[in-house]
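Written out below as structure tokens is the structure these notes cover.
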Amino acid sequence: MAGGVHRVFVSHLSGVAVFDPNGDQVGRVQDLVAMLRVGGRPPRVLGLVVEVVSRRRIFLPMTRVTGVESGQVITTGVINLRRFEQRPTETLVVGELLDRRVRLADGGEEVTVLDVSITRLPARRDWEIDKVFVRKGKGGALRRKGETLTVEWSAVTGFSLEEHGQGAANLLATFERLRPADLANVLHHLSPKRRAEVAAALDDDRLADVLEELPDDDQIEILGKLQEERAADVLEAMDPDDAADLLSELPEDDMERLLTLMQPDDAADVRRLLAYEDRTAGGLMTTEPIVLRPDATVADALARVRNPDLSPALAAQVYVCRPPDETPTGKYLGTVHFQRLLRDPPFTLVGSIVDTDLRPLPPDTPLPSVTSYLATYNMVAAPVVDESGALLGAVTVDDVLDHLLPDDWRETELHSGALGMSDLPEAADGH
């Protein structure tokens, strides 16, 4: 830790043990996976290659890494044990960047890469390569002659993608800063062949976000061109309600095969949603709202609300329930809205400030009634509770709008959205 910035040199990570939250060792770090970007921008670190006990090499996304400390890596505990396969747009940091000959941007002197450091971006879970440790002179990494120095990634040339390239890697690097909805716009206008190339090159979490923004036909086409195990991984990364909507469009045999390939907990959430009618509160809800026990504090609630992966609608309130605190929960006690959390002292128990005035929605509530509920009470989300009083999930206003707008609303938006087709690089035409 230096100057408040969490920075780790890759050489210090190689061979480091990886632990789950319970302290059990999962494996050891063998390499890091990064994606190079256009124009000398620092590469984004996608994840770690971890060798598990069976000597199988698996991929651990950085979004599943909760800590990179001295001599260890801590994970969320949710790990996919499928064998790691490097994709065309991915670069192995240890295997492909270290010992590489590059040039200093200032003066063009040739240097050898001895190490690189990665840093976690403030207030986000994203990591990127920020600095390069190099040795001047023509000797390789094993030679001890020549001055060594640490420079910014942008201070060396010979790494980054060329601006004029038209492969999937260059497309991906060009579009990386786009919001998922805008990248969906781009994908929609690509040729089917190029669309499949870019989709195959996206990491699972990014592809999941983009699929949620695409019309049904595009979703089905892209999912159908992925290997089934990869398709299951992407469905796991999607919000359960969006995954359920997509699976419901597939033939029953295909749907069941993909559900079987998914992690049991993820598949269980999706199966529960598939059991409800499409245009009801149960069919619209997400099964992953913020749930807290009544003895949690306001500070606990605000910590959960700060999660950058939550949509604004889900972060606008927390639901207070008896254990268990995963849906379906114990007895639903009420809701605490974000504004109330800001008004009360951090040590206040959420059980003492719940709003019990608004009735929750039964799962069979039809869409018009859900819409009226949100509009009448100026809500952006509403709890869905079954007959026994258990919280099943929450309906958010964005999911309601998806079903209220015309069937072709995404198509209309894709043609007139903020990212016009004139903004796309030449490579996007699919030639």
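Each residue of the sequence shown is one higher than the last, beginning at 266 in our numbering. We put the beta carbon where it would ideally sit given N, CA and C, even for glycine. Just so it is clear, the structure is predicted and the values come from calculations on it, not from any experiment.
In three-state DSSP terms, what is residue i?
i	result
residue 323	strand
residue 565	helix
residue 281	coil
residue 471	helix
residue 332	strand
residue 460	helix
residue 347	coil
residue 273	strand
residue 337	strand
residue 658	strand
residue 382	strand
residue 522	helix
residue 291	strand
residue 374	coil
residue 552	coil
residue 670	coil
residue 399	strand
residue 665	helix
residue 647	strand
residue 368	strand
residue 354	coil
residue 363	coil
residue 455	coil
residue 539	helix
residue 412	coil
residue 557	strand
residue 514	coil
residue 477	coil
residue 417	strand
So is residue i buried or exposed if we call it buried at 16+ other beta carbons inside 10 Å?
i	result
residue 374	exposed
residue 477	buried
residue 355	buried
residue 537	buried
residue 450	buried
residue 671	exposed
residue 525	exposed
residue 564	exposed
residue 326	buried
residue 417	exposed
residue 502	buried
residue 444	exposed
residue 621	exposed
Going by CA-CA distance only, name the one from the options that's closest to residue i.
i	options	result
residue 302	401, 595 and 423	423
residue 495	467, 383, 377 and 514	467
residue 521	502, 497, 504 and 530	497
residue 307	285, 460, 287 and 381	381
residue 457	443, 445 and 488	488
residue 379	530, 505, 529 and 364	364
residue 336	312, 279 and 297	279
residue 348	341, 318 and 515	318
residue 340	387, 292, 352 and 386	292
residue 652	297, 600, 607 and 596	596
residue 658	594, 665 and 603	594
residue 276	295, 588 and 529	295
residue 600	554, 627 and 485	554
residue 641	285, 313 and 624	624
residue 328	443, 505, 392 and 660	392
residue 647	638, 421 and 305	638
residue 603	628, 587 and 566	566
residue 462	588, 343 and 352	352
residue 643	578, 587 and 610	578
residue 515	486, 556 and 506	486
residue 274	342, 517, 287 and 310	310
residue 343	370, 300, 386 and 284	284
So, is the C-beta of residue i closer than 8 Å to a C-beta in chain C?
i	result
residue 346	Absent here is chain C; the protein component of the structure consists of one chain.
Regarding residue i and the ligand COA, is the C-beta to nearest heavy atom distance less than 7 Å?
i	result
residue 576	Questions concerning the ligand COA fall outside what the structure shown contains, since it holds no ligand whatsoever.
Segments assigned beta strand (DSSP E), at least 3 residues, entirely inside the region 293-319:
Runs of the beta strand (DSSP E) inside the region 293-319: 309-317.
Quick test of the definition: if touching needs 3 or more C-beta pairs under 8 Å, does the region 530-547 touch the region 575-587?
no
Assess contact between the region 499-511 and the region 478-490, defined as three or more Cβ pairs (one per stretch) separated by less than 8 Å. Is contact present?
The region 499-511 is in contact with the region 478-490.
Below 8 Å, can you find three or more Cβ-Cβ pairs linking the region 556-566 to the region 607-620?
Put simply, the region 556-566 touches the region 607-620. At least three CB pairs are less than 8 Å apart.
Residue ranges of each beta strand (DSSP E) within the region 576-630, 3 or longer:
582-586 and 597-602
Check whether the region 572-579 touches the region 630-639, taking contact to mean three or more Cβ pairs, one atom from each stretch, closer than 8 Å.
Verdict: no, contact absent.
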